[in-house]
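Colleague: Last residue of the sequence shown? That's 157 in the UniProt record's numbering, and every number before it is there in order.
Here it is, the structure, as structure tokens.
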Amino acid sequence: MASSSRSSLAGLARARLASGTIGPAYQALLEALCPANTSQFTNVTTEIDLSTPVVLDNNYYKLVQLNLGLHFSDDQLIRNATLKGFVDTFAANETLWKEKFIAAMIKMGNIAPKTGTQGEIRLNCSIVNPSSTSSSGYDGAIQMLRRPGSDDKVASG
Numbered sequence: 001m002a003s004s005s006r007s008s009l010a011g012l013a014r015a016r017l018a019s020g021t022i023g024p025a026y027q028a029l030l031e032a033l034c035p036a037n038t039s040q041f042t043n044v045t046t047e048i049d050l051s052t053p054v055v056l057d058n059n060y061y062k063l064v065q066l067n068l069g070l071h072f073s074d075d076q077l078i079r080n081a082t083l084k085g086f087v088d089t090f091a092a093n094e095t096l097w098k099e100k101f102i103a104a105m106i107k108m109g110n111i112a113p114k115t116g117t118q119g120e121i122r123l124n125c126s127i128v129n130p131s132s133t134s135s136s137g138y139d140g141a142i143q144m145l146r147r148p149g150s151d152d153k154v155a156s157g
């Protein structure tokens, strides 16, 4: 799969490397790219698909099978029996993967975005905000960003 963007190593590589489930040669490459003091190198990037980074194909799934997935979530695709079945199928059948990819892109393109006071900004992504927060969720999200001791300055508006 062509990666339209590069993945930042600073925030994820150390945890992924520590998992012990990444291919040794790939681990060595990532360790070379991502020094122990990652705060010093915040713009270190690498391709998500090492073999064909600018081609829209199913090679991403072949790499995941070889423990060459960059993200922790890539690794989890082969640790779960149901998800591994999808990985194996897409790795073996590029035509099927393209058909499913096209259908998913069309479906996502038809999603109508929430506007105005529709929806909410969740304080925790996996939990619906309590009813005591504002209907839009903006107030709660801004308050969360303005935690005591936070250096972040959020403009009200």
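Where is the CB? At the ideal position from N, CA and C, for every residue including glycine.
Tell me which same chain residues have a C-beta within less than 7 angstroms of the C-beta of I78, skipping the five on either side of it?
Modeller: Answer for I78: V64, Q65, K84 and V87, listed in chain order.
Colleague: Taking the straight line between their C-alpha atoms, what separation do you get for L30 and Y61?
Modeller: Each residue's alpha carbon lies about 19 angstroms from the other.
Colleague: Put residue 158 into one of helix, strand or coil per three-state DSSP.
Modeller: For residue 158 there is no data in the structure shown, the boundaries of the chain being 1 and 157.
Colleague: Return the Cβ separation of G23 and L68 in integer angstroms, given the expectation that the two are a contact with Cβ distance under 8 angstroms.
Modeller: About 5 angstroms; that satisfies the 8 angstroms criterion.
Colleague: So, is N43 buried or exposed, given that buried needs 16 or more other C-beta atoms within 10 angstroms?
Modeller: Exposed, because fewer than 16 other Cβ atoms sit within 10 Å of the Cβ of N43.
Colleague: Closest to Q27 by C-alpha separation, out of T45, I48, L70 and C125, would be which residue?
Modeller: Nearest C-alpha to Q27: L70.
Colleague: Is there at least one Cβ from chain C nearer than 8 angstroms to P113's Cβ?
Modeller: The structure shown contains no chain C, having only a single protein chain.
Colleague: What separation, rounded to the nearest whole angstrom, lies between the Cα atoms of T46 and A25?
Modeller: Cα to Cα, T46 sits roughly 15 angstroms from A25.
Colleague: Kindly indicate which three-state DSSP category I127 falls into: helix, strand or coil?
Modeller: Correct three-state label for I127: strand.
Colleague: Among L50, L33, F72 and P53, which has the Cα closest to the Cα of T21?
Modeller: Considering only alpha carbons, the answer is F72.
Colleague: State the start and end residues of the unbroken alpha helix (DSSP H) segment that holds E120.
Modeller: Taken as a continuous stretch (DSSP letters only), E120 belongs to no alpha helix (DSSP H), as it is neither H nor E.
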